[in-house]
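Numbering follows the numbering used here, with no gaps: position 85 of the sequence shown is 121.
Even for Gly, the Cβ is constructed at its ideal location relative to N, Cα and C.
Here the structure comes first, spelled out in structure tokens, and everything after it is commentary.
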Amino acid sequence: MAGKSGRTISATPEKALRKAVLSWEGMLLVLFVVVNIFCKCISPVYTFTNVLREMPKYLTEIFLLFPMAYILLMGEIDISVGSIVCLAATISCIAGNAGVPFIGVLAIGLLTGTVCGMINGLLTVKFRELPTMIITLGTQIVFRGIAEIVLGDGGSISLSNADGFRAIAGKIGPFPYMFFIVLLCAVIFTVIAEKRVFGRGLYAIGSNSRTAFYSGIRVNRMLFTAYTVMGLMAGVSALFLTSATYGANTTTGKGFEMDAIAMAVFGGISTAGGKGKLIGGIISAFIIVCLRVGLGQINMNPQVILIILGALLICAVLLPNIVQSINMRKASKAKA
37 MAGKSGRTIS
47 ATPEKALRKA
57 VLSWEGMLLV
67 LFVVVNIFCK
77 CISPVYTFTN
87 VLREMPKYLT
97 EIFLLFPMAY
107 ILLMGEIDIS
117 VGSIVCLAAT
127 ISCIAGNAGV
137 PFIGVLAIGL
147 LTGTVCGMIN
157 GLLTVKFREL
167 PTMIITLGTQ
177 IVFRGIAEIV
187 LGDGGSISLS
197 NADGFRAIAG
207 KIGPFPYMFF
217 IVLLCAVIFT
227 VIAEKRVFGR
237 GLYAIGSNSR
247 TAFYSGIRVN
257 RMLFTAYTVM
267 GLMAGVSALF
277 LTSATYGANT
287 TTGKGFEMDA
297 IAMAVFGGIS
307 TAGGKGKLIG
317 GIISAFIIVC
327 LRVGLGQINM
337 NPQVILIILG
347 ALLICAVLLP
357 NIVQSINMRK
367 ASKAKA
């Protein structure tokens with residue numbers, strides 16, 4: 037394309053491909069390929085079909101990634117989601133054993149999660165002076181405490197009729213239904229974050245909530261909405277988790293909040309807010325799932341797997357700072 041000066045200007049930057057590859061999301065894609073090659077080398081049974089067979093027990097956590105990314109982008113956090121999953125799963129099992137039609141059980145599970153999310157949202161909006169870490173720590177204890185009281189001395193409940201849950205745990209070929217629902221949610225949440233006004237508001241609030249407020253963004257409404265959606269997706273996670281375990285206990289959903297946060301942070305979403313892309317979190321989620329499946333197939337100690345994932349998370353947090361430090365040194369030398 038010719039400019040006014042008569043020079044020919046390329047419509048596409050020359051280094052666009054290099055920039056894409058060296059972006060955080062590009063490096064995650066490369067890491068995804070490397071992880072799959074690594075898992076294939078260490079496990080003779082690491083095949084596409086076997087990964088899909090084992091994937092459902094991990095996919096339930098990815099449902100929590102999407103709204104968690106929204107909350108982190110606003111500079112907030114929610115550590116109560118594991119307890120919401122536990123409570124929603126418990127109430128759903130009780131409803132199913134009481135003879136409630138399966139469609140009603142689904143509605144009750146989703147409603148339980150949504151109400152818990154609304155409580156978190158309401159407390160966050162009404163008590164803005166309190167850190168959301170403290171608020172959701174309190175509700176985490178309350179929600180799991182309610183579940184433990186409901187479960188009673190046995191601490192667990194099993195479904196007397198699991199036909200409905202067995203149906204939603206079905207497959208299309210080797211692909212579980214849950215896989216397609218996760219992909220659908222990924223598309224919806226990514227489009228909203230990248231292409232809609234609500235998504236731009238998330239980044240504005242995370243960058244500076246006061247400036248966002250005076251710019252006309254309804255900060256409180258967006259916070260309430262994000263936490264409510266978090267509760268709804270926790271209900272979805274609880275229903276699919278129940279379809280895999282056919283019951284619930286006091287440890288159901290334990291650690292889910294940390295896994296969701298780890299997926300988001302490893303995907304490049306800043307806990308300080310205002311930075312990162314959801315697509316990075318989605319790629320990192322599948323990296324973690326594949327790594328867990330591969331290491332699990334060689335019977336590696338679960339605690340060792342957690343150590344490896346923790347080390348990866350630390351590297352993900354430190355790497356941008358290291359790169360920034362190197363760039364600053366280069367810039368200072370160039371000026372000198």
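Item	Value
Cβ-heavy atom distance, Ser79 to the ligand GDP, below 7 Å	Although the ligand GDP was asked about, the structure shown includes no ligands whatsoever.
Ser194 - partner residues in DSSP beta bridges	Gly283
Per-residue DSSP class, three states only, for Phe163	coil
Cross-strand partners of Ile208 (DSSP beta bridge)	Phe211
Straight-line gap, Ala21 to Ile358 (C-alpha atoms, nearest Å)	Nothing in the structure corresponds to residue 21, since the chain is present only between 37 and 372.
Contact check, Thr148 vs Leu123, beta carbons under 8 Å	yes
Residue range of the unbroken alpha helix (DSSP H) whose run includes Met104	92 to 109
Complete alpha helix (DSSP H) runs within the stretch 239 to 309 (minimum length 4 residues, chain order)	245 to 250, 255 to 281, 292 to 302
Selected residue, minimal CA-CA separation from Val151, among Gly190, Phe179, Arg202, Phe102	Phe179
Contacts around Ser243, its chain only, beta-carbon distance under 8 Å, and the 5 residues preceding and following it disregarded	Gly309, Gly310
Ile107 beta carbon less than 8 Å from that of Ala262	yes
Exposure of Val117, with buried meaning 16 or more beta-carbon neighbours within 10 Å	buried
Where Ile362 falls, given that 16 or more other Cβ within 10 Å makes a residue buried	exposed
From Ile343, Ala284, Ile323, Gly291, residue whose alpha carbon lies closest to that of Ala131	Ala284
Distance between Ile319 and Gly303 (C-alpha atoms, nearest Å)	7 Å
Alpha carbon of Met294 to alpha carbon of Ile98, nearest angstrom	12 Å
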